[in-house]
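K.L.:
2 protein chains.
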Amino acid sequence: MNAYVADFAALDFSRRESRVETYIRQTTFDRPTLVIDVDHVEAQFHALKAGLGHARIHYAVKANPQREIIERLVELGSGFDAASRAEVELCLSLGARPENISFGNTVKKARDIEFAYHAGVTLFAADAEEELEKIAEFAPGAQIYIRLIVDASQADWPLSRKFGCGRDKTIELLDMARDLGLDPVGLSFHVGSQTKQAEMWIETLDQVATAWAAAKEAGHELSLLNIGGGFPAYYGEAIQRPTAYAARVMELIEQRFGHVAHVMAEPGRGLVAEAGAIAAEVLLVSKKSHNDLHRWVYLDIGKFSGLAETMDEAIRYQFLTPRDHEATGPCILAGPSCDSADVLYEKRPVELPLSLRSGDQIIIRNCGAYTSTYASVGFNGFPPLDVAVI
Amino acid sequence: MNAYVADFAALDFSRRESRVETYIRQTTFDRPTLVIDVDHVEAQFHALKAGLGHARIHYAVKANPQREIIERLVELGSGFDAASRAEVELCLSLGARPENISFGNTVKKARDIEFAYHAGVTLFAADAEEELEKIAEFAPGAQIYIRLIVDASQADWPLSRKFGCGRDKTIELLDMARDLGLDPVGLSFHVGSQTKQAEMWIETLDQVATAWAAAKEAGHELSLLNIGGGFPAYYGEAIQRPTAYAARVMELIEQRFGHVAHVMAEPGRGLVAEAGAIAAEVLLVSKKSHNDLHRWVYLDIGKFSGLAETMDEAIRYQFLTPRDHEATGPCILAGPSCDSADVLYEKRPVELPLSLRSGDQIIIRNCGAYTSTYASVGFNGFPPLDVAVI
Chain A
1 MNAYVADFAA LDFSRRESRV ETYIRQTTFD RPTLVIDVDH VEAQFHALKA
51 GLGHARIHYA VKANPQREII ERLVELGSGF DAASRAEVEL CLSLGARPEN
101 ISFGNTVKKA RDIEFAYHAG VTLFAADAEE ELEKIAEFAP GAQIYIRLIV
151 DASQADWPLS RKFGCGRDKT IELLDMARDL GLDPVGLSFH VGSQTKQAEM
201 WIETLDQVAT AWAAAKEAGH ELSLLNIGGG FPAYYGEAIQ RPTAYAARVM
251 ELIEQRFGHV AHVMAEPGRG LVAEAGAIAA EVLLVSKKSH NDLHRWVYLD
301 IGKFSGLAET MDEAIRYQFL TPRDHEATGP CILAGPSCDS ADVLYEKRPV
351 ELPLSLRSGD QIIIRNCGAY TSTYASVGFN GFPPLDVAVI
Chain B
391 MNAYVADFAA LDFSRRESRV ETYIRQTTFD RPTLVIDVDH VEAQFHALKA
441 GLGHARIHYA VKANPQREII ERLVELGSGF DAASRAEVEL CLSLGARPEN
491 ISFGNTVKKA RDIEFAYHAG VTLFAADAEE ELEKIAEFAP GAQIYIRLIV
541 DASQADWPLS RKFGCGRDKT IELLDMARDL GLDPVGLSFH VGSQTKQAEM
591 WIETLDQVAT AWAAAKEAGH ELSLLNIGGG FPAYYGEAIQ RPTAYAARVM
641 ELIEQRFGHV AHVMAEPGRG LVAEAGAIAA EVLLVSKKSH NDLHRWVYLD
691 IGKFSGLAET MDEAIRYQFL TPRDHEATGP CILAGPSCDS ADVLYEKRPV
741 ELPLSLRSGD QIIIRNCGAY TSTYASVGFN GFPPLDVAVI
C-alpha cells in the first residue's frame with residue numbers, strides 16, 4: 001500500500017471505505033460514473049428482512065432500476081413496487097412473477113393499467129375516485145389498496161400532499177372500490193423518505209391505525225398494510241442500522257394494528273443507496289472576488305446529471321478526495337452545466353481540502369439511490385450518468 | 391371546421407393558435423411529445439437579427455439542440471454558443487464552422503478544451519485563474535472573454551453568483567490571460583433569463599460599462615462584448631416583441647459603450663421557446679379531502695420529464711385544453727412520477743376547466759426551450775420527452 005492509498009484510507013467519516021469506494025479510487029473514469037456493488041444490495045436485503053419478519057419486501061424499483069439489482073432481488077425472492085408500465089415490463093423481463101409486482105403509482109394511464117392487468121399484475125394503488133374507475137374498467141376485480149395522506153413527519157425528504165387521500169375519504173373510496181367490483185384489501189402510506197430512526201414512525205402509524213380501525217368498523221375486511229418506504233441510508237448523520245430499525249417498526253405496527261396478515265414494505269433508498277458511490281472530477285476551484293469568504297468548487301456532475309436530490313439541499317452527500325488528510329475549508333459546490341440553478345450546496349457549504357484543484361478525483365458516497373435515472377438525457381450536452389456494476 | 395375545432399380556436403390567450411398547437415390538436419400522441427416548427431425558429435431569427443444590427447447571434451445550443459434547429463441556423467449563418475464538448479461536436483457535425491462556435495461554459499474539462507481547440511474553436515469563456523491556466527495549456531493563444539457577475543436583475547429566472555468574476559478581479563484576469571499568451575478580447579455577462587423588457591437591461595449594462603471602461607483604461611484593447619441571453623418568450627405576461635426589444639438593447643449598448651467592433655448575443659429561449667409546444671395528457675383529476683379548496687390535476691409530464699423550469703414555479707407555462715370554453719377553477723398541477731417534489735404549480739394554482747378529466751389532451755404552449763434535454767433518462771421508468779419536428 002503506497003502513501004497515497006494509506007492517507008486516503010485513513011480518512012474515514014464514521015465508517016470504513018466501502019468496496020465501491022476502493023474500486024473508484026483505484027480506477028480512472030472518463031466521465032461521472034455510478035459504481036454499484038450488488039453483493040451489498042443482497043446483504044442489505046437480508047439485514048432488512050431479518051428485522052421485517054413476516055413483512056414482505058417490495059423493492060421500490062424507481063430508486064435504481066439497474067438490471068443487475070433487479071436480477072439479484074428476483075433471485076432473493078423479493079417483490080417489486082413499480083411506478084410505471086416500463087418498470088412493470090422491466091421486472092417481468094428480468095424474471096419477476098407478476099403476482100410479486102404491485103403497481104404502486106396512484107396516478108396511472110388507463111392503457112398502462114390495462115397492460116399490467118393483462119400481464120398478470122393483480123395489486124394496484126389508488127387514492128381517488130377517477131383512478132378507481134379506471135382500474136375497475138381496465139383491471140376488473142383487481143386488488144386495491146387505498147393510499148392515505150399522513151401529516152408531515154420528521155423525514156429528511158418529507159412528502160407533500162401529492163399522494164394519498166384525506167382520512168375523511170378513506171371509507172368512501174373503499175366502499176366505492178367494492179361497489180365497482182374491485183377487491184379493496186388494504187391501506188398504504190409513506191412516512192417520508194430518509195426517516196432516520198424507527199421512533200419517528202410513531203405519529204404516522206397512530207394516524208394510519210385510526211383509519212384502519214375505522215375501515216374495519218365500517219365492515220372492510222382489511223388484510224394488507226403497505227407501509228411504503230422511508231428506510232434511511234447513511235449520509236453523515238446517525239441512522240439506526242437496518243435490522244434494528246425494521247424490527248422496531250414492525251413492533252410499533254404490531255402494537256397498533258395487532259397481527260396483520262400481509263404487511264408490505266417498499267424500501268428503495270434503504271436497500272440500494274449505500275451500495276453505490278459516484279466517481280466524479282473537480283473541474284474548477286475559484287474565488288469570485290477578493291473578499292469572498294468561500295471558494296467555489298465545480299464538479300463534472302450536478303443537479304441535472306444525477307444529483308437531483310440536492311434540490312433545496314435536502315440530501316447532503318458525503319465526499320472523499322485524495323487530499324482529505326490536508327486542512328479543509330468551506331466551499332460552495334456546483335455542477336458543470338450553464339444553469340445557474342445547478343448549485344448543489346450553498347446555504348450550508350461543504351468542507352473540502354484547501355488544496356483541492358481541477359482534475360482531482362472526488363468520490364460521492366452512498367449514491368446508489370435516486371441518481372442514475374434522475375440524470376437528464378443530455379442537458380448542456382452532458383451524457384447521462386454512466387453506471388458500472390462490480 | 392367542426393364545432394369542437396371552432397370552440398378550441400376561439401380560446402385564445404392574447405394571441406392566435408400557433409402551427410404546432412394546431413398540429414397537436416389534430417394528432418393523437420402515445421406519450422408526451424414536444425412538437426417544433428423550424429420555420430418559426432427562422433422567422434424569430436430574422437426578427438431578432440433585424441433589431442440586433444451588426445451584433446452577431448450565437449444560438450445558445452443548450453436551449454434546444456434538436457438537429458433540425460441547428461441545421462436551419464447553420465443555413466441562416468448563425469453562430470453557436472456551446473456549453474460542452476458534445477455541443478461543439480453536434481454543431482460541427484451539422485455543418486457549423488468552428489470559428490462560428492464559442493465555448494461559452496466558464497467551467498470546462500481540460501481535455502474538452504483541448505478537443506475544441508484542435509477542432510478549430512478559437513473563442514473561450516473564463517471567469518477564474520485556474521480556467522485561464524487550463525485554456526493557456528490546452529488552447530494556447532486562444533481568444534478569451536472574461537465573464538462578469540452582475541447584480542440581480544428583474545429577470546424571471548435570475549442568475550445566481552455561479553458564473554462570472556467580481557468586478558474587482560476583471561482587470562487581473564485580463565492581465566493574467568495576456569501574460570499566459572492568450573488573447574483577451576472582451577467581456578461577457580448575462581442579464582438573467584427571461585428578461586421581459588429591454589429597459590430592464592439598463593442597470594446591468596451600466597455595471598458592465600464601468601468594468602469595460604476600467605479595462606480599457608488599464609490598457610486592454612477590448613473589441614468583443616458578449617451580451618449573453620435573456621431574450622424573453624411569451625408565457626402569458628406581456629413581453630416586448632423581438633425586433634423592438636433587440637433594437638432597444640443595442641441602442642442602450644451604443645449609448646454606454648460607443649461603437650463596439652464585435653457584439654455577440656446568445657439567445658436561446660428567445661429564439662426557440664415560441665417555436666414549440668408539448669402535447670400532454672391528463673391522467674387524473676381528484677380532490678384529496680371533502681374540504682379541499684383546489685382540485686389536483688395530474689399530467690403525464692412533470693418536473694423530471696421536461697418541465698424542469700417549473701422549479702420554484704419560476705417559468706409559468708400556459709395551457710390549452712379542448713374544454714377551454716367551459717367554466718374554470720383553480721388547480722394544483724402535478725407530474726406523473728412517484729416523487730412528491732414533482733408538483734408543477736401549487737403556490738399559485740392554475741385555472742383549468744372544471745370539466746377536465748383523465749384522458750383529455752392538454753397543450754403546453756411555448757415549450758421549445760429548456761424542455762427536451764432537461765428530461766430525465768428514465769426516472770420512474772418514464773421515457774424522455776419525445777420530439778417531433780414539423
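In order, the protein sequences belong to chains A and B.
The numbering used here puts the first sequence at residues 1 to 390.
The numbering used here puts the second sequence at residues 391 to 780.
Where is the CB? At the ideal position from N, CA and C, for every residue including glycine.
From which residue to which residue does the beta strand (DSSP E) around B/Cys721 run?
P.N.:
Walking along the second sequence from the start, residue 721 of chain B turns up at place 331. Unbroken beta strand (DSSP E) run through B/Cys721: 718-724.
K.L.:
Can you tell me the Cβ-Cβ gap for A/Arg147 and A/Cys165, rounded? I've got them flagged as a contact below 8 Å.
P.N.:
Within the first sequence, the letter at position 147 stands for residue 147 of chain A. Within the first sequence, the letter at position 165 stands for residue 165 of chain A. Contact flag correct, Cβ pair sits at about 7 Å.
K.L.:
Does the Cβ of A/Asn2 have 16 or more other Cβ atoms within 10 Å, making it buried, or fewer, making it exposed?
P.N.:
Counting from 1 along the first sequence, the entry for residue 2 of chain A is found at position 2. In this prediction, A/Asn2 scores a pLDDT of 36, lower than 50, which makes its location untrustworthy; no coordinate-derived value is stated.
K.L.:
Exposed or buried, B/Pro657, counting other C-beta atoms within 10 Å across all chains shown (16 or more means buried)?
P.N.:
The residue given as residue 657 of chain B occupies position 267 in the second sequence. Flag for B/Pro657 reads buried.
K.L.:
Do you know whose CA, among B/Ala605, B/Pro530, B/Ala667, lies nearest B/Phe647's CA?
P.N.:
Translated into positions along the second sequence, residue 647 of chain B becomes position 257. For B/Phe647, the nearest C-alpha among the options comes from B/Ala605.
K.L.:
Hey, is A/Ser14's beta-carbon within less than 8 Å of any beta-carbon in chain B?
P.N.:
Taking the first sequence and counting its residues from 1, the one referred to as residue 14 of chain A is at position 14. Unreliable positioning characterises A/Ser14 in this predicted model, as indicated by a pLDDT of 48, which lies under 50. The coordinate reading is nonetheless provided below. Chain B, which has no Cβ nearer than 8 Å to the Cβ of A/Ser14, makes this no.
K.L.:
Does DSSP put A/Glu221 in a helix, in a strand, or in coil?
P.N.:
Indexing the first sequence from 1 puts residue 221 of chain A at position 221. In this structure, A/Glu221 counts as coil in the three-state DSSP scheme.
K.L.:
Report all residues from its chain with a CB closer than 8 Å to the CB of B/Glu741; omit the five preceding and five following residues, and keep chain order.
P.N.:
Counting from one through the second sequence, the residue named residue 741 of chain B turns up at place 351. Same-chain partners within the cutoff: Thr718, Gly719, Pro720, Cys721.
K.L.:
Quick one: list the residues of chain B neighbouring A/Ser102, beta-carbon separation under 7 Å, in chain order.
P.N.:
Reading the first sequence from its first residue, position 102 is the one you call residue 102 of chain A. Near A/Ser102 there are no residues of chain B at all, since even the closest Cβ is about 12 Å away, more than 7 Å.
K.L.:
For a cutoff of 8 Å on Cβ pairs, would you count A/Ser358 as touching chain B?
P.N.:
Against the first sequence, residue 358 of chain A aligns to sequence position 358. Using a Cβ-Cβ cut-off of 8 Å, A/Ser358 counts as an interface residue toward chain B, since at least one Cβ of chain B sits closer than that to its own.
K.L.:
Can you pull the DSSP bridge partners for B/Gly469?
P.N.:
Here residue 469 of chain B refers to the residue found at position 79 when the second sequence is read from its first residue. B/Gly469 pairs with B/His448.
K.L.:
Could you tell me the alpha carbon to alpha carbon distance between A/Glu346 and A/Lys288, rounded to whole angstroms?
P.N.:
Here the question's residue 346 of chain A lines up with position 346 in the first sequence. Here the question's residue 288 of chain A lines up with position 288 in the first sequence. The alpha-carbon atoms of A/Glu346 and A/Lys288 are separated by roughly 14 Å.
K.L.:
My parser needs the beta strand (DSSP E) runs of 3 or more residues fully inside the segment 520-599 of chain B; what are they?
P.N.:
Listed in chain order, they are 533-537, 573-578.
K.L.:
Taking A/Lys303 and A/Gly276 to be in contact with their CB atoms under 8 Å, please state how far apart those CB atoms are, rounded to whole angstroms.
P.N.:
Counted from its first residue, the first sequence places residue 303 of chain A at position 303. Counted from its first residue, the first sequence places residue 276 of chain A at position 276. Not confirmed; about 18 Å, so no contact.
K.L.:
Evaluate the contact criterion for the segment 485-505 of chain B versus the segment 412-426 of chain B: three or more CB pairs, one atom per stretch, below 8 Å.
P.N.:
no
K.L.:
Taking the straight line between their C-alpha atoms, what separation do you get for B/Ala541 and B/Thr594?
P.N.:
Here residue 541 of chain B refers to the residue found at position 151 when the second sequence is read from its first residue. Here residue 594 of chain B refers to the residue found at position 204 when the second sequence is read from its first residue. Here residue 541 of chain B turns out to be Asp, not Ala, going by the sequence shown. Their backbone Cα atoms lie some 7 Å apart in a straight line.
K.L.:
So is A/Ala388 in contact with chain B if we call contact Cβ pairs under 8 Å?
P.N.:
Working through the first sequence from its first residue, we reach residue 388 of chain A at position 388. Answer no: the Cβ-Cβ gap between A/Ala388 and chain B never drops below 8 Å.
K.L.:
Give me the Cα-Cα distance between A/Gly229 and A/Arg111, rounded to the nearest whole angstrom.
P.N.:
Taking the first sequence and counting its residues from 1, the one referred to as residue 229 of chain A is at position 229. Taking the first sequence and counting its residues from 1, the one referred to as residue 111 of chain A is at position 111. Taking the straight line joining both Cα atoms gives about 27 Å.
K.L.:
How about A/Tyr391 and A/Leu307: do their beta carbons lie closer than 8 Å?
P.N.:
This structure leaves residue 391 of chain A out entirely; chain A is present only between 1 and 390.
K.L.:
Under 8 Å: do the segment 369-385 of chain A and the segment 61-76 of chain A share three or more Cβ pairs, one atom per stretch?
P.N.:
yes
K.L.:
Mapping the DSSP letters down to three states, classify A/His259 as helix, strand or coil.
P.N.:
In the first sequence, residue 259 of chain A corresponds to position 259, counting from 1. DSSP places A/His259 in coil when its eight states are reduced to three.
K.L.:
For B/Ser727, count neighbouring Cβ atoms within 10 angstroms of its own Cβ and tell me buried if that reaches 16, exposed if not.
P.N.:
Counted from its first residue, the second sequence places residue 727 of chain B at position 337. Buried, by the Cβ-count rule.
K.L.:
Decide if A/Pro140 is buried, meaning its Cβ has at least 16 other Cβ atoms within 10 Å, or exposed.
P.N.:
Here residue 140 of chain A refers to the residue found at position 140 when the first sequence is read from its first residue. Exposed, by the Cβ-count rule.
K.L.:
Assuming B/Ala486 contacts B/Asp471 (C-beta within less than 8 Å), just tell me the rounded distance between them.
P.N.:
Along the second sequence, read from residue 1 onward, the residue named residue 486 of chain B stands at position 96. Along the second sequence, read from residue 1 onward, the residue named residue 471 of chain B stands at position 81. Incorrect: roughly 11 Å between the Cβ atoms, too far for contact.
K.L.:
Taking only three categories from DSSP, how would you classify B/Glu736?
P.N.:
The count along the second sequence starts at 1 and reaches residue 736 of chain B at position 346. Collapsing the DSSP output to three states places B/Glu736 in a strand.
K.L.:
I'd like to know whether the C-beta of B/Pro488 is nearer than 8 Å to at least one C-beta of chain A.
P.N.:
What you label residue 488 of chain B is simply residue 98 of the second sequence in a count that begins at 1. It does not: the Cβ of B/Pro488 has no partner Cβ on chain A nearer than 8 Å.
K.L.:
Should A/Tyr374 be flagged as near chain B, meaning a C-beta pair shorter than 8 Å?
P.N.:
Position 374 of the first sequence, counting from 1, holds the residue named residue 374 of chain A. Yes, because at least one Cβ of chain B sits closer than 8 Å to the Cβ of A/Tyr374.
K.L.:
Do A/Leu252 and A/Ala211 have their C-beta atoms within less than 8 Å of each other?
P.N.:
Here residue 252 of chain A refers to the residue found at position 252 of the first sequence. Here residue 211 of chain A refers to the residue found at position 211 of the first sequence. Their beta carbons are not under 8 Å apart, which means A/Leu252 does not touch A/Ala211 by this criterion.
K.L.:
Any beta carbon from chain B within less than 8 Å of A/Cys338's own beta carbon?
P.N.:
In the first sequence, counting from the first residue as 1, residue 338 of chain A sits at position 338. Chain B, which has a Cβ nearer than 8 Å to the Cβ of A/Cys338, makes this yes.
K.L.:
Taking 8 Å as the threshold (beta carbon to beta carbon), is A/Ile171 in contact with chain B?
P.N.:
If you number the first sequence from 1, residue 171 of chain A lands on position 171. So no, A/Ile171 is outside the interface.
K.L.:
Taking Cβ positions only, does A/Leu283 come closer than 8 Å to chain B?
P.N.:
Position 283 of the first sequence, counted from the start, is the residue given in the question as residue 283 of chain A. Output row for A/Leu283: interface = yes.
K.L.:
Rounded to whole angstroms, what is the Cα-Cα separation between A/Ala9 and A/Phe231?
P.N.:
Indexing the first sequence from 1 puts residue 9 of chain A at position 9. Indexing the first sequence from 1 puts residue 231 of chain A at position 231. The predicted model places A/Ala9 with a pLDDT of 34, which falls under 50 and marks its position as unreliable; any figure quoted below should be read in that light. Those two C-alpha atoms are separated by around 28 Å.
K.L.:
Is the separation between the beta-carbon of A/Tyr145 and that of A/Ser188 shorter than 8 Å?
P.N.:
For the purposes of this step, residue 145 of chain A is taken as residue 145 along the first sequence, with counting starting at 1. For the purposes of this step, residue 188 of chain A is taken as residue 188 along the first sequence, with counting starting at 1. Yes, they are a contact pair.
K.L.:
Which residues in the same chain have their Cβ closer than 7 Å to the Cβ of A/Phe382, if we skip the five residues on either side of it in sequence?
P.N.:
Start at 1 with the first residue of the first sequence, and residue 382 of chain A comes out as number 382. Answer for A/Phe382: Ser305, Pro336, Ser337, listed in chain order.
K.L.:
Relative to the alpha-carbon of A/Asp324, which residue among A/Val343, A/Ala247, A/Leu356 has its alpha-carbon at the smallest distance?
P.N.:
Within the first sequence, residue 324 of chain A is the residue found at index 324, counting from 1. Ranking the options by Cα distance to A/Asp324, first place goes to A/Leu356.
K.L.:
Quick one: what does DSSP say A/Tyr23 is sitting in, helix, strand or coil?
P.N.:
On the first sequence, position 23 is the one that residue 23 of chain A refers to. Helix.
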